[in-house]
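Per full-length UniProt numbering, the very first residue in the sequence shown carries number 1; after that it's consecutive.
Idealized CB from N, CA, C, for every residue including glycine.
Below: the structure, in structure tokens.
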Amino acid sequence: MAGINRSGDLANPQKSLPLGTLSAIGATSLVYLTCLVLFGATFDNLFARDRWGDSVFRRHVAITTIAWPHMNVFFIGAVLAAVGAATQALVGAPRILQAVAQGAGITGLAPFARTSARGGPLRALMLTAVICLVMILMVENRMGIIGIRMGINLSTSSLWIIVSTCFLVSYGAVNLASLSQSYRKTYRCKYHHWTMSFMGLVLCMTIMFMVSWLHALVVMGV
1 MAGINRSGDL
11 ANPQKSLPLG
21 TLSAIGATSL
31 VYLTCLVLFG
41 ATFDNLFARD
51 RWGDSVFRRH
61 VAITTIAWPH
71 MNVFFIGAVL
81 AAVGAATQAL
91 VGAPRILQAV
101 AQGAGITGLA
111 PFARTSARGG
121 PLRALMLTAV
131 ICLVMILMVE
141 NRMGIIGIRM
151 GINLSTSSLW
161 IIVSTCFLVS
171 YGAVNLASLS
181 QSYRKTYRCK
191 YHHWTMSFMG
201 LVLCMTIMFM
211 VSWLHALVVM
221 GV
């Protein structure tokens, strides 16, 4: 979704987005499959069959047992990956918010449709950053002043359910938009068929209710 989030900055989105998206999916799938094969060839057979992690010390993550030259290499990589993902989200999300504020006509979002002197969505970026910081401060044992005063005890497990549900709603909305546009004669896409959008929409909704039907109903209601 990184390319789609910045489609307004592309010179030829119709050509660049399919090529970039498919290339990214292919590259990441290759990396994941390679890691899967390497892990299977490296880990002990008993450990590979251990579903609940009883064969590993409770305080260790599985991959740290084969990390080189030190187990902390894994944690450094995890932190860098998290920072990269957060930076990417802070680049794409404000632009989506700005586009919604410019075209949806929703009351209260008009100030976020404006751009800075350099053409960036500064106000939308600030709102997105505040939302992220509030959610981080509400995590269990790290609530700080905001979480304590509001009386909210948001555990890490609840946080990933909320994040997953929001992502699934976003992906489902993309499939729904593509499905609704596919019936227009002016909509032409070489690699698209309406059944793909329909299957994507059904899959997103199904997984969302499988994760948590209560969160799914709340998010859809909002």
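A check of alpha carbon separations from residue 94 across 130, 66, 71 and 49 identifies 130 as the nearest. Counting of Cβ neighbours within 10 angstroms places residue 165 among the buried residues, the total reaching 16 or more. Your pair residue 168 and residue 204 checks out as a contact, with CB atoms roughly 5 Å apart and the cut at 8 Å. Distance between residue 106 and residue 175, taken at the CA atoms: about 22 Å. Between residue 67 and residue 73, the CB-CB gap stays under 8 Å. Assignment of residue 11 by DSSP, reduced to helix, strand and coil, places it in the coil class.
At a Cβ-Cβ threshold of 8 Å, residue 197 and residue 170 do not count as neighbours. Within the model, the alpha-carbon separation for residue 213 versus residue 99 is close to 29 Å. In this structure residue 121 is buried. Its beta-carbon is surrounded by 16 or more other beta-carbon atoms within 10 angstroms. Rounded to whole angstroms, residue 199 and residue 208 show a C-alpha spacing of 14 Å. Within a 10 Å sphere around the beta-carbon of residue 195 sit fewer than 16 other beta-carbons, which makes this residue exposed. Shortest Cα-Cα distance from residue 158 to any of 25, 215 and 124 involves 215. Taking a contact as a CB-CB distance under 8 Å, the pair residue 125 and residue 90 counts as one, their CB atoms being some 7 Å apart. Membership of residue 213 in the alpha helix (DSSP H) is indicated by the continuous run 213–221. Inter-residue distance for residue 86 and residue 97 is about 16 Å (C-alpha atoms, whole angstroms).
If you look at residue 131, you'll find it in the alpha helix (DSSP H) that goes 122–137. For residue 14, the closest alpha carbon among the candidates 222, 218, 192 and 221 is that of 192. Around the beta carbon of residue 128, 16 or more other beta carbons lie within 10 angstroms, which makes this residue buried.
Using a 10 angstroms sphere on the CB of residue 84, the tally of other CB atoms stays under 16, which defines it as exposed.
For residue 194, the secondary structure class from DSSP, reduced to helix, strand or coil, is helix.
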